[in-house]
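For the sequence shown, the positions run 77 to 404 when my numbering is used.
The beta-carbon is built from N, C-alpha and C at its ideal position, and this holds for glycine as well.
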Amino acid sequence: MSVTRRKFLKHAAPFVLAAASGGSALAAMGPNDKFDLVIKGGDVLDPSQSLRGKRDIGIRFGLIEAVEADIPAARALRILEAGGKLVTPGLIDLHCHVFPYGSAAGIPADELIPLQCTTTCVSAGDAGAGNFAAFRRYIVGQTRTRLYAFVHIANIGLTSFPVAELPTIDFADTEAAAKAVAMNSDMVLGIKVRMSENVINKLGLEPLRRAIAACELAGTGGKVLCHIGGVETSVLMSQILDTLRPGDILTHCYTGAPTPGGAFTNIVQNGRLIPAALAAKQRGVTSVTAAAASITRSRKPPSRRALRRTPSRPTSMLFPETRPACPT
């Protein structure tokens with residue numbers, strides 16, 4: 077009997093779907109099924125659930141199947157004793173440089189995360205409009221770590237590092253940056269700009285203005301990640317703070333890095349927080365630390381069904397090996 081392509085696909089589809097979705101991994105656990113791993117007796121801290129207390133975590137097929145007060149040892153193929161240890165969901169590092177082949181500042185994310193208890197990293201402007209496609213295809217596509225990114229307002233990103241990436245304002249192409257943000261809105265959080273004098277020289281507020289304009293032109297609600305430290309003058313520092321919008325992010329707030337001439341123009345001057353910094357905070361400008369907690373909240377939470385298809389990402393200072401075994 078001849079089999080047409082239509083008939084073949086009709087009968088093969090259920091098997092293809094089962095394989096693609098992980099097969100039995102999506103099925104509810106039976107009474108005789110065992111967890112592949114139970115992290116037992118740890119002090120579990122999960123702010124998303126307002127949870128802090130002793131819990132056992134059951135993991136099966138790379139998914140978190142259960143967080144319970146007690147999971148019997150008999151239900152586990154492997155047990156990790158975590159008594160007296162803090163166990164958290166995967167932490168977020170909002171300022172990483174993870175484009176090792178595109179910048180001298182970059183290192184592979186998968187080599188970084190076991191050392192700092194993170195499972196999500198955010199590329200802080202490693203790539204600009206001119207090379208973001210390469211970053212996405214060759215780095216994000218090959219990396220197990222969950223990656224988000226800010227597109228650099230300079231179209232070359234940090235490719236020239238440690239040489240400054242904005243020798244001329246022409247490198248800050250607003251429309252190109254906006255297009256990169258819009259085309260990669262599933263992973264791009266906004267625009268990165270470095271406002272230090274040794275990067276922008278005498279360009280004043282214009283790089284920041286273009287970064288904000290690119291975010292607004294993209295129409296994705298993106299934010300600006302603004303690098304400060306060694307800003308040309310104290311006046312410009314206050315102008316930067318006054319220009320930032322609610323939700324925009326300051327990074328390197330307290331490094332105290334001087335200008336090339338040795339002046340200290342950061343947000344703390346003469347031992348005091350400058351008035352523009354306090355006003356910016358009250359207006360909703362945030363810092364890297366505070367912003368990290370809101371990354372995932374800015375996206376619609378997945379359904380329980382979707383969560384079952386998502387590799388688990390629990391981590392702690394003891395258990396970096398529990399990150400997922402497959403890329404996402």
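task = Compute the beta-carbon to beta-carbon distance between I183 and H173, rounded to the nearest angstrom, for a pair I have assumed lies under 8 Å.
result = 7 Å
ask   = Between R359 and P322, which are expected to be in contact by the criterion C-beta below 8 Å, what is the C-beta distance as a whole number of angstroms?
value = 6 Å between Cβ atoms; contact.
query = Roughly how many angstroms separate the alpha carbons of T255 and A294, rounded to a whole number?
reply = Reading off the sequence, residue 255 comes out as Lys, not Thr. For K255 and A294, the distance between alpha carbons rounds to 6 Å.
key: Where the alpha helix (DSSP H) containing P190 begins and where it ends   = DSSP places P190 inside the alpha helix (DSSP H), whose first and last residues are A185 to Q192.
ask   = Taking the Cβ atom as the reference point for each residue, do M313 and I304 lie within a distance shorter than 8 Å?
value = yes
Neighbourhood of E273 by C-beta distance below 7 Å, restricted to the same chain and skipping five residues each side = G306, V307, E308, T335 and P336
Under the three-state DSSP convention, the category G414 falls into = Beyond the ends of the chain as shown, which are 77 and 404, falls residue 414; an answer cannot be given.
query = Buried or exposed: where does S126 fall if 16 or more other Cβ atoms within 10 Å of its Cβ makes it buried?
reply = exposed
key: Rounded separation between D119 and K110 - CA only   = 23 Å
inquiry  = Here's the rule I'm using: 16 or more other beta-carbon atoms within 10 Å means buried, otherwise exposed. How should A230 be labelled?
reply    = buried
key: Nonlocal neighbours in the same chain, by C-beta distance under 8 Å from A149, ignoring five residues either side   = V114, K116 and I155
task = Only counting runs of 4 or more residues, tell me where the alpha helix (DSSP H) segments fall wholly within the region 233-283, in order along the chain.
result = DSSP runs (the alpha helix (DSSP H)) wholly in the region 233-283: 250-259 and 273-276.
inquiry  = Could you tell me the alpha carbon to alpha carbon distance between E282 and L167, rounded to whole angstroms?
reply    = 34 Å
ask   = Straight-line CA distance for I343 to G206?
value = 32 Å
request  = Kindly list the residues whose CB is nearer than 8 Å to the CB of K130, restricted to its own chain and excluding five residues on each side of it in sequence; keep chain order.
outcome  = Excluding residues within five positions, the ones whose Cβ falls inside 8 Å are G117, G118, D119, V120 and A145.
query = Going straight from the alpha carbon of K268 to that of A287, what length do you get?
reply = Each residue's Cα considered, the two are about 7 Å apart.
query = Would you call the CB atoms of F226 and L139 closer than 8 Å?
reply = no
CA nearest to the CA of P351, picked from L284, Q315 and Q218 = Q315
D112 beta carbon less than 8 Å from that of I135 = yes
inquiry  = So I189 and T164 are supposed to be a Cβ contact under 8 Å. How far apart are they, rounded?
reply    = The C-beta distance from I189 to T164 rounds to 13 Å, too long to fall under 8 Å, and the pair is not in contact.
key: Neighbourhood of Q192 by C-beta, 7 Å cutoff - its chain only, sequence neighbours within 5 removed   = D169
request  = Pick helix, strand or coil for K357, following the three-state DSSP scheme.
outcome  = helix
query = Would you say S199 and F237 are within 8 Å of each other, going by their C-beta atoms?
reply = no
request  = Note down, in chain order, each residue of its chain lying with its Cβ closer than 7 Å to the Cβ of F340, except the 5 sequence neighbours on either side.
outcome  = G332 and P334
query = Between N108 and F137, what straight-line distance do the alpha-carbon atoms span, to the nearest angstrom?
reply = Going from the Cα of N108 to the Cα of F137 covers about 15 Å.
Nearest candidate by alpha-carbon position, reference K278, set T296, A240 and I232 = Looking at the Cα atoms, A240 is the closest of the given residues.
task = Ignore the nearest five residues each way along the sequence and tell me which others in F208's own chain have a CB closer than 6 Å to its CB.
result = V227 and A256
query = So, helix, strand or coil for S310, using DSSP?
reply = helix
message = How far does the beta strand (DSSP E) with L156 in it extend, from its first residue to its last?
response = I155 to E157
request  = Would you give the residue range spanned by the beta strand (DSSP E) that F137 belongs to?
outcome  = Neither: F137 is in no beta strand (DSSP E) and is coded neither H nor E.
ask   = Distance, Cα to Cα, M105 vs S261?
value = 36 Å
ask   = Mind checking G297: buried by the 16 CB within 10 Å criterion, or exposed?
value = exposed
N- and C-terminal bounds of the beta strand (DSSP E) containing P165 = L162 to P165
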